[in-house]
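In the numbering used here, the protein residues as written are 6 to 452.
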């Protein structure tokens, strides 16, 4: 029964000639001419799709992306002991990654949209599912390359493994100096690339493709050791990474289940929760009457029920209902004081305005009465005083000045005192002057 199942897995007559399959893989490794132009435009399309948060545009960019070629070339080259193919693949892959990140960075530098939507955020935090997708996609891609009937496998693998969006997200992080986005996106791309290459390596070995022939046994042994070392250096970190991602996803699922089932506390509302799978911690923030030490201890005891015994649970209490009411009353009292101060200020301004109006009315009445005493002159009134002539000195302009006598000044002062009801006043007498035509100066010429 098992043998029949294995026979069904065999490619059989549908298998491509290994030599032709390897030649096709080698052709897809190079990035120049058509492949390079397609890559640049695919990156540009994917960047626009991420920028406007359009999954359809991103999928379209992945359909035309030629990035799978050098990644499969690395795994296939290791599988057939062809280090020349491995070096070519790595060189072209590095060039493709650099061109892709540069293109996306230039786009995001000139784009007016700088928000990180869900399509970008999804490419900054790798999960175990990304590992599984990359491995399965790599197996599907290399098997399609090894078969005659390829169908729609290659486009499907390009979409599933999603090699383009992480590079575009790295360009977004580089353009906006967001190093967390940049590092997370490149990390996701490396994960996808490594597992696709491992899948290609495993498939080539499983299909027993002929390895490269070496005339020197020592050279072959050295190549085998180099390939084995590269594979081990790739496999062990990948296994550790996969195990770490599994542990983080498991912790997050258990933490979410704990919060949904155990976090409810009477007379309190859970307003915020934070789960950190890396630090294995949960932070719960409540608002309400507050949690006492017994309730917090009970929550920590329930962690073991959900297999979270080593989790660091932190319980924080925000403002209680009493504190909220007290704060609201304090704020209301402050607003009331401000309103009363504004009303008092308005009353003062009104009083000042009325006082100024009364003063203006009094001044007008005073002017009317003063007009009965004498004609208006120079802004107020004037009296008829004797005119004195000031003798002109050398190079001075003679003027005529009006000087009131002491009797007139005393009379005016008494009148003002009566009008002002003895409130005190100061009388300033200013003499008006008018210039007199200066006689022409005659100068004698020297002979």
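Ideal Cβ placement from N, Cα and C applies to all residues, glycine included.
Query                                                                                                                                                                         : Result
Of all the options 45, 67, 136, which has the alpha carbon lying nearest to the alpha carbon of residue 250?                                                                  : 136
In this structure, does DSSP put residue 197 in helix, strand or coil?                                                                                                        : helix
For residue 320, which residues does DSSP report across the bridge?                                                                                                           : 289
Does DSSP classify residue 188 as helix, strand or coil?                                                                                                                      : helix
If you follow the beta strand (DSSP E) that residue 281 is in, where does it begin and where does it stop?                                                                    : 273-281
When you compare only the Cα positions, how much space is there between residue 54 and residue 63?                                                                            : 5 Å
Pick helix, strand or coil for residue 152, following the three-state DSSP scheme.                                                                                            : strand
Shortest alpha-carbon distance to residue 287 belongs to which of 196, 197, 277?                                                                                              : 277
The alpha helix (DSSP H) with residue 218 in it runs from where to where?                                                                                                     : That residue, residue 218, is in no alpha helix (DSSP H); it is neither H nor E in DSSP.
Is the distance from the Cβ of residue 151 to the Cβ of residue 212 below 7 Å?                                                                                                : yes
Between the C-alpha atoms of residue 294 and residue 272, what's the straight-line distance to the nearest angstrom?                                                          : 6 Å
Starting from residue 42, trace the alpha helix (DSSP H) both ways and give me its first and last residue.                                                                    : 39-56
Between the alpha carbons of residue 145 and residue 167, how many angstroms are there, rounded?                                                                              : 14 Å
Taking residue 322 as the reference, give the member of 315, 302, 311, 296 with the closest Cα.                                                                               : 296
Based on Cα-Cα distance, which residue from 87, 172, 88 lies nearest to residue 45?                                                                                           : 172
What number of angstroms, rounded off, separates the C-alpha of residue 283 from the C-alpha of residue 253?                                                                  : 7 Å
Which residues does DSSP pair with residue 20 in a beta bridge?                                                                                                               : 152
Determine the DSSP secondary structure at residue 333, reduced to helix, strand or coil.                                                                                      : helix
For residue 357, count neighbouring C-beta atoms within 10 Å of its own C-beta (all shown protein chains included) and say buried if the count is 16 or more, exposed if not. : exposed
Starting from residue 482 and walking both ways along the alpha helix (DSSP H), at which residues does that stretch end?                                                      : With the chain covering 6 to 452 only, the question about residue 482 has no answer from this structure.
For residue 97, report the span of its alpha helix (DSSP H) as first-last.                                                                                                    : 88-115
Can you tell me which of 347, 340, 260, 339 puts its alpha carbon nearest to the alpha carbon of residue 305?                                                                 : 260
Cutting at 8 Å between CB atoms, please list the residues of its own chain near residue 88, excluding the five before and the five after it.                                  : 82, 228, 231, 232
Can you give me the Cβ contacts of residue 21 inside the same chain, cut-off strictly under 6 Å, excluding the 5 residues immediately before and after it?                    : 151, 152, 153
Quick check on this structure: which residue in 26, 210, 49 has the alpha carbon closest to the alpha carbon of residue 106?                                                  : 49
Around the Cβ of residue 35, are there at least 16 other Cβ atoms within 10 angstroms (buried) or fewer (exposed)?                                                            : buried
Pick from 91, 264, 72: whose alpha carbon is nearest that of residue 4?                                                                                                       : In this structure the chain extends from 6 to 452, so residue 4 is not present and cannot be described.
For residue 30, I'd like the list of residues in its chain whose CB is within less than 7 Å of its CB, leaving aside the five on either flank, ordered along the chain.       : 77, 78, 81, 150
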